[in-house]
Each structure stands twice: as C-alpha cells, then as structure tokens.
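Take the sequence shown: its letter number 358 is residue 353 in our numbering, and every next letter is one higher. Glycine included, each C-beta is placed from N, C-alpha and C at the ideal position.
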Amino acid sequence: MKDGAKMSKKELKKAEGKVEVNQTKKAVLFKELSDAEAKFQEDKELREYLPSMKEHEIEALDAAIVRDGYIKDSLVVWNGRLLDGYARLDIARKYKLSYKVVELQVETKEEALVWLVEHHIARRHLSKYSIVDMYLGLEKMYKAIAKSHQGRKDSNFSPIDTLKKIGEHCDCGKTLVHMVKTIRDSKKLKLIEECRSGKKSIRRGYYTIVESPSNKNPNEEPVTFKNPKSGDFIDRIIKGDVLKKMKELNEVLAAGITLILTSIPFNADLDYGNGCNDKKDYKKEYLPWLGECIKEFVKALRPGGRLIIECDSIRDEECKNGETYRRNIFADLCRVVEEVAPELDLLGDIVWYKNNPKHYLQTGSYCSCRSPRLARNHSYILIWSKGKEHTLPHINVSKSDIEENDWNKMVNSVYADIAADKNGKKLGHPATWPQSLCDRLIRLFSYPDKKNIVLDPFNGVGNTVIAAYKAGRSYIGIEQNPKHCLKAQELLDEAKAELEKKNNAKVHENKYAEVA
-4 MKDGAKMSKK
6 ELKKAEGKVE
16 VNQTKKAVLF
26 KELSDAEAKF
36 QEDKELREYL
46 PSMKEHEIEA
56 LDAAIVRDGY
66 IKDSLVVWNG
76 RLLDGYARLD
86 IARKYKLSYK
96 VVELQVETKE
106 EALVWLVEHH
116 IARRHLSKYS
126 IVDMYLGLEK
136 MYKAIAKSHQ
146 GRKDSNFSPI
156 DTLKKIGEHC
166 DCGKTLVHMV
176 KTIRDSKKLK
186 LIEECRSGKK
196 SIRRGYYTIV
206 ESPSNKNPNE
216 EPVTFKNPKS
226 GDFIDRIIKG
236 DVLKKMKELN
246 EVLAAGITLI
256 LTSIPFNADL
266 DYGNGCNDKK
276 DYKKEYLPWL
286 GECIKEFVKA
296 LRPGGRLIIE
306 CDSIRDEECK
316 NGETYRRNIF
326 ADLCRVVEEV
336 APELDLLGDI
346 VWYKNNPKHY
356 LQTGSYCSCR
366 SPRLARNHSY
376 ILIWSKGKEH
386 TLPHINVSKS
396 DIEENDWNKM
406 VNSVYADIAA
416 DKNGKKLGHP
426 ATWPQSLCDR
436 LIRLFSYPDK
446 KNIVLDPFNG
456 VGNTVIAAYK
466 AGRSYIGIEQ
476 NPKHCLKAQE
486 LLDEAKAELE
496 KKNNAKVHEN
506 KYAEVA
C-alpha cells in the first residue's frame, strides 16, 4: 500500500459500498490508510458486538481467501480500533497474507456501530428475528446515552426510548423488539434457533416463554368449568371445542338459531391461555377448519337467520425462512363460505374503524418511502343470510327495538363511532370486542324476544352473550378455555344482578307513583 494512496470509486464500492447511517441520509466515506497509518488496536467489545460467525461460515471464508490468494475486502477501523474484519484478520495472519485497511469517516460511536450492524445485515439474507437481534447489540450503547441525558432540561434535548430507537433501525415497533429481546434473554437455545430460522414466529416464541410453566404461579390451582347437563344449551355458556359442541348443538337445535354473531380466531398466533393457540398452517389447516365450522353454523341457523363474522382485513404470515408476506384473510373467508355454504347469501359488509392509537407505532420506515407499512386500524364485519329471502320471518309478533335516532348509525357501512375494546388485558383475553358493537348488531339483525337465540361459537369472555341478554334475546356461548368461561359467567351474573336491581327500582317507583 502506497503512502497517501486513495481508493478509486470502483474499489471503494467493491470494498464497502455506500451505506446510510442512522437514517440521516449522509453517505459514509472511507479513507484508505497507508502502511504507516494502518495501525489499530483490536477491541474485544467491538468484536463481540455482532454474533460470532458459525464454523461453516469461517471455513467458507477461509477457502475463498486461499483460492484468491489475498484478502479481497478491506478491514475497517474507526478511532484507531478495528471495527469490521476480525475473521479476515485471523485468516490473514494464519496464511501471512497482506490486507488493506480503510478508516470509517464518522464522528460518533453511535454512527460507527450502526454502520457495523447495517453493513453485516446487508451482506446476509437474514430472518426478521436475526435482524432485530443484531440491532439489539446497540441496546447497551443507547442505555448509556440515555443515562448521560438524565437531568437535562435544554429545549433541544429529547429523551431516548431504547427499544423504540432500535425498532426505528429495523423497521418495526418496539413491541416486536421487546419480544425478540425476551426470547434472546430466555437462553432457550432450541426456541431461539426455531425463531432465528423461521420455524416458529417471533410472536409464538414470545408467548411460549410468557405462558411457560416456569413463568406461572406454582400455587395457582387448575381452572375448571362445569358445563350444564347434556342438551341444555339455551341461555348457557358451554366449555368445549367449537366443532364438537356445534355438532352436539345441531342434534337438538338444528335450524333453531336466529343470529350467529362472532369474531373468529384470525390465525394470528395469539395465545388464548390454557394451551389454546390459534396458530395453524394457513392453507392446509386453518382454512379447511374454518370451512368445517361454517358448515355447522349453517345447520344451526333457521331459514332467514343471519351469520355475522368480524374478521381482520390483512395479516402477516411467516415463511419457513423467516420472511413475512401479507394475506387477505377476509377475502379468503368469503371464498370459503362460497365453497362450503352456497345456501348463504351475502347481505353486505361493514368496515369497523377501531381508532386504536397503538397501531400507529408499527408503520415501518418513519417519514420515508423506503418501506412504509399501513397502520391497520380497521376490520370487516361480514353479514350473510340463510336462504335467498333476505327478510327475517317473525317467530311471533315482535316489534323492533331500534330507536329512530340510532337507525342511520346502524345501517351505515362504516362504524367509526365505536372504539376497540381496551379491557382485554384486564380480563385475560388477547382479543375482546366491545359490547356496544355487539348490541348494535344484535338489535339490527334480530327481533327482541326470548324465542330469538343469539349464538357466539367463539365466546371469549362473553361480551356477545351479555349484550344479547341485555337486549332481551336468548343466548348461547361456546368457548374452549375454562378461564374465559368462568370470567364470562361472572360478568354475565353481574349484568343480571344489575338489570334486576334496575327493574326493582322501577317497580318501586311505579308503586310510589300510584300511592301518591
């Protein structure tokens, strides 16, 4: 290497490429160092910043260098310390080969380390887990920066959210970063490798840890829920598998249900507790299973009865290599219904705008067109009728309980006035929906008397059956998790007690008025 020699643009591009640092859109420059200048210290901290190369990777690099007879890629130093190229340096020393050294022209340690991570990610085909895991190497640095900022009050200062900062680098929300960190810190090597390779999704890996026996209270007693006697379905909550219980229901109540109102499991890898997880192979297991459920729902509906399903719009599906793709779940649901239940006639669909602020935390490349992600803030409510006749026949002469002031809101195809339910975490369920939404749909699509039965085959913590009870309809709720069955029964009993108290108060008022 000659003193003062500079790398040509071609050599520079070949050696390191143009890389953007910390989303500032500032191109990184390199200065080729002469033999006299190419002095650096090896830094154990920097060497351990990235995961070590696997044995087969080192062997492949060794073979390529021996074949070429020289070190093709330059070593990169910053601030007198070796930043990138430790494996190449080891091989160069082993075979006594010469190498080039370039200096990374950035000012701060943060810029240098971000470049290091981005450079290695760009050179490999990595799963999302591996990418986030690499960026988590910056956590220690960002924590140190955050600590140094404590107590500052100047106007130019803004606090650092460590996980959010890392999420900005890898185009994801801080929640996903937290999940990867939890998996990594668990030191469960088999689980980590499954997530790294894409055999198991990040979300599923996270809930495997959170719900594992080691994280549960050892003094917690197993939950049981006693079902009513066989064949007793009306005004009951039933514990059990949805297909099994629907078959039992159809033996005694076939063609007897006025309205089936439910929010289906989205196959989004949510953990519903008690070993109940909705992750199946989407095409081979989930859609065929959904088709079998629809068949049983149709058998249960009376002529003119309605099937209403709340369904997500688009969901991420993870491939074997860890990459993700989007799937249009509501379109697949419509296709399944057409295939297995031709007697169902689509009445329409409603867009439910959930107005959930947390969805704006996962919008990809912030203020950049590089890889933006739409904040999914709505779902679809799909309505079918059993039979081509859209008019629901009276079981007995019942008046509608729809108020004139509510009519326009109810028949609007966009529901923007009902926010997503925020009580799920408190109630121990990952995906609750609001009673106000259930109430509106029940009143719009069924008559107000006890001969009209509302069924929710995925009952959860019971918002549908509670809304049906309050609206004067009979109800049936089917749920596989005994904890959720108990919570639903508890909330239903509270609703009954509250309504009874109101009715007693009205009776007392009427008696007082008569005496007066």
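Inset, instruction - Can you give me the start and stop residues for the beta strand (DSSP E) that I309 sits inside? - result: Where I309 is concerned, there is no enclosing beta strand (DSSP E), given that its DSSP letter is neither H nor E.
Legend entry - Rounded separation between E333 and L339 - CA only: Roughly 8 Å between the two C-alpha positions.
Inset, instruction - Just confirm the distance between the C-beta atoms of I378 and L328, as a whole number of angstroms; I'd bet it's less than 8 Å. - result: Between L328 and I378 the Cβ distance is about 12 Å, and since that is not below 8 Å, they are no contact.
Inset, instruction - Pair every Cβ in the segment 54 to 73 with every Cβ in the segment 82 to 94, then say whether three or more of these pairs are closer than 8 Å. - result: Cβ pair count under 8 Å is three or more, so yes.
Legend entry - K294 vs N245 beta-carbon contact at 7 Å: yes
Inset, instruction - Round the Cβ separation of I471 and I233 to the nearest angstrom and send it over; I've been treating them as touching at under 8 Å. - result: At roughly 7 Å, the Cβ-Cβ gap stays under 8 Å, so I471 and I233 are in contact.
Legend entry - Bounding residues of the beta strand (DSSP E) (the contiguous stretch that carries D451): I448 to D451
Inset, instruction - Inspect the beta-carbon positions of A139 and V96 and report whether they are closer than 7 Å. - result: no
Legend entry - Helix, strand or coil at N499 [DSSP, three-state]: helix
Inset, instruction - May I ask you to report which of helix, strand or coil DSSP gives W73? - result: strand
Inset, instruction - Could you have a look at T373 and say whether DSSP puts it in helix, strand or coil? - result: According to the sequence as given, residue 373 is His; it is not Thr. Strand.
Inset, instruction - Whole angstroms is fine: what's the gap from C165's alpha carbon to I473's? - result: So the two alpha carbons sit approximately 41 Å from each other.
Legend entry - Span of the alpha helix (DSSP H) around K192: Going by the sequence as given, residue 192 is Ser instead of Lys. Start and end: L184 to S192.
Inset, instruction - Kindly indicate which three-state DSSP category F228 falls into: helix, strand or coil? - result: coil
Legend entry - Bridge partners - F25, DSSP secondary structure assignment: L99
Inset, instruction - Taking A462 and D434 to be in contact with their CB atoms under 8 Å, please state how far apart those CB atoms are, rounded to whole angstroms. - result: 4 Å
Inset, instruction - Output the boundary residues of the beta strand (DSSP E) element that contains S181. - result: No beta strand (DSSP E) holds S181; the alpha helix (DSSP H) holding it covers K169 to S181.
Inset, instruction - State the DSSP-derived secondary structure class of D38, mapped to helix, strand or coil. - result: coil
Legend entry - Stretch-stretch touch, CB-based, cutoff 8 Å, three pairs: the segment 154 to 163 with the segment 197 to 207: no
Inset, instruction - Give the straight-line distance between the Cα atoms of P260 and I86, rounded to the nearest whole angstrom. - result: 53 Å
Legend entry - Which of helix, strand or coil DSSP assigns to S380: The answer is strand: DSSP assigns S380 an E or B state.
Inset, instruction - Output the boundary residues of the beta strand (DSSP E) element that contains I471. - result: S469 to E474
Inset, instruction - Provide the residue span of the alpha helix (DSSP H) that contains F258, from first to last. - result: It is Ser, not Phe, that sits at residue 258 in the sequence shown. Looking at the DSSP string, S258 is not in any alpha helix (DSSP H); the run it does join, the beta strand (DSSP E), is I252 to S258.
Inset, instruction - Return the CA-CA distance between I178 and Y410, expressed in angstroms with no decimal places. - result: 38 Å
Legend entry - Cα-Cα separation between K315 and N74, rounded to whole angstroms: The predicted position of K315 is uncertain, since its pLDDT is 48 and thus under 50; no value can be drawn from it.
Inset, instruction - Drop a sphere of 10 angstroms on the beta-carbon of V172, count the other beta-carbons inside from all chains shown, and report buried for 16 or more, exposed for fewer. - result: Counting the other CB atoms within 10 Å of its CB gives V172 a total of 16 or more, which places it among the buried residues.
Legend entry - Contact belief for L56 with L78 at Cβ below 8 Å, rounded distance in angstroms: In fact, because the Cβ distance is near 18 Å, the residues do not count as touching under 8 Å.
Inset, instruction - Would you mind sorting D451 into buried or exposed? The rule is 16 or more other CB atoms within 10 Å of its CB. - result: buried
Legend entry - Alpha-carbon to alpha-carbon, P388 and P298: When only Cα atoms are considered, P298 and P388 end up about 8 Å apart.
Legend entry - Burial state of V72 (16 or more Cβ within 10 Å): Its Cβ being crowded by 16 or more others within 10 Å, V72 is buried.
Legend entry - Distance CB(L439)-CB(M405) smaller than 7 Å: yes
Legend entry - Beta-bridge pairing of W347 - partner residues as DSSP gives them: S374 and Y410
Legend entry - Close-in-space but distant-in-sequence residues of the same chain around N350 (CB under 8 Å, 5 per side omitted): N372, A411, A414 and A415
Inset, instruction - Closer than 6 Å by C-beta to V247: which residues in its own chain qualify, once you throw out the five before and the five after it? Chain order, please. - result: G226
Legend entry - Residues that DSSP places opposite D79 in a beta bridge: DSSP output for D79 lists V71 as bridge partner(s).
Inset, instruction - Could you tell me if L70 is buried or exposed, where buried requires 16 or more neighbouring beta carbons within 10 angstroms of its beta carbon? - result: buried
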